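Order-wise, the sequence lines are chains A and B.
Counting from 1, position 53 in the first sequence corresponds to residue 53 in the numbering used here; the numbering is continuous, with no gaps.
Quick note, the numbering used here runs 1000 ahead of the 1-based positions in the second sequence.
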Amino acid sequence: MTDTYVDGNELAGPLRELFAVDVTVARGRCVGCGMEGMVAQAHVYDRAPGLVARCRGCDAVLLRLVRGPDRAWLDLRGVTYLEFPLPE
Amino acid sequence: MTELAKRRLVWRVAAVASVQEETASARTLGLEVFGWPGHLAGQHVDVRLTAEDGYSTQRSYSIASAPDGSSVELTVQQVPDGEVSAYLVGAAQTGDQFELRGPVGGYFTWRPAEMAPVLLVAGGSGIVPLMSMIRVRAAVGSRVPFRLVYSVREPGSAIYADELRRRVRDDHGLDVAYAYTRAAPDGWPYPPARLSAARLGEAGWPAEFEPACYVCGPTGFVEAVADILVDAGHAPERIKTERFGPTG
């Protein structure tokens, strides 16, 4: 039975704790396959400790977020870049 | 206080002001959230429950209501073995308090300034963020044409049925079509079935109208509907999805 996933919308709250802007509307590029898309469109697995976002094209891990009582770890090694819209 | 600190998202206290049973397994909680900054249709909140022993658990819920000062409504569907939904649907009472963080989510939102016709496709409790869009549309007097296709198991499991009927009558420009997957009302012209391309095609907007499409529900439902819409000619970038995870 395959793990089922939700989408990057689920990351909005946890990432908004760390960033001053909404990361889910940022566009990123997958290190694995080069696919570009919005963080909101990634496949997010939330049943393990922490949150894991995978590329909807090649399933490579894009980012991991683990929250502790007084700190958070964010592993972004799966994205080449994140492009944020910043309205004037 | 720096700009950054002011804009960091923090947990707030939500107090239950009202409780309304929607269906046998879904309930709307009217919350008062001190300092609520307002929200956009389609956004959600994270709810955190903390037990006396310090154990805490959190889940995301879509906001059901249009912005209204410090009032926020959540409609929660009971999920089998769901820790948080068991409390919110089964136990929460007026006066209870819990932590809430939001509003969050800038992707799955509809803003009244967007003029394109809107197609809303809901599977089960996926109706909640789409209802927020319908309610915001009415609150601002928008004339943007909306079509909702709502897939449910049986008539009794449709949330907001009475309100949707009233809005189709009063809001001008809202159409609602139901698809029943397990049991249909007497005399219904379609046998119970999963939402089909044909049904969605006839109840939705033609691809040539380039509608903004919002699809929400369990992951399997959302994937199937998104595929149908792309096959029907809708551009993938016009289709926004919110997956709730496995069917509850």
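Where is the CB? At the ideal position from N, CA and C, for every residue including glycine.
Please read these numbers as outputs of a predicted model, since none were measured by experiment.
The alpha helix (DSSP H) with residue i in it runs from where to where?
| i | result |
| --- | --- |
| residue 1221(B) | 1219 to 1231 |
My understanding is that residue i touches residue j, with C-beta atoms under 8 Å, so please give their C-beta distance in whole angstroms.
| i | j | result |
| --- | --- | --- |
| residue 1107(B) | residue 38(A) | 6 Å |
| residue 1022(B) | residue 1075(B) | 6 Å |
| residue 1176(B) | residue 1148(B) | 5 Å |
| residue 1071(B) | residue 1032(B) | 6 Å |
What residues match up with residue i in a beta bridge as DSSP calls it?
| i | result |
| --- | --- |
| residue 1123(B) | 1151(B) |
| residue 95(A) | Residue 95(A) lies beyond the residue range present for chain A, which begins at 1 and ends at 88; the question has no answer from this structure. |
| residue 1044(B) | 1062(B), 1104(B) |
| residue 1071(B) | 1032(B), 1068(B) |
| residue 1216(B) | 1122(B), 1242(B) |
| residue 43(A) | 7(A), 54(A) |
| residue 1136(B) | Residue 1136(B) pairs with nothing; no bridge assigned. |
| residue 1014(B) | 1033(B), 1098(B) |
Following the continuous beta strand (DSSP E) through residue i, name the residue where it begins and the one where it ends.
| i | result |
| --- | --- |
| residue 5(A) | No beta strand (DSSP E) contains residue 5(A), which DSSP labels as neither H nor E. |
| residue 1102(B) | 1097 to 1104 |
| residue 1169(B) | Where residue 1169(B) is concerned, there is no enclosing beta strand (DSSP E), although the alpha helix (DSSP H) it sits in stretches over 1161 to 1170. |
| residue 76(A) | Where residue 76(A) is concerned, there is no enclosing beta strand (DSSP E), given that its DSSP letter is neither H nor E. |
Give the DSSP-derived three-state secondary structure of residue i in the structure shown.
| i | result |
| --- | --- |
| residue 1022(B) | strand |
| residue 1088(B) | helix |
| residue 20(A) | coil |
| residue 1083(B) | helix |
| residue 1248(B) | At residue 1248(B), the pLDDT of 32 sits below 50, so the modelled position is not reliable and the matter cannot be decided from this model. |
| residue 1144(B) | coil |
| residue 1030(B) | strand |
| residue 1001(B) | Summary for residue 1001(B): the model assigns pLDDT 39, below 50, so the residue's position carries little reliability; its value from the coordinates is reported in the next sentence. Coil at residue 1001(B), not helix or strand. |
| residue 1207(B) | helix |
| residue 1008(B) | coil |
| residue 67(A) | strand |
| residue 14(A) | helix |
*Which full runs of the beta strand (DSSP E) of 3+ residues lie inside the stretch 1172 to 1202 of chain B, going along the chain?*
Counting only runs of 3 or more, we get 1174 to 1180.
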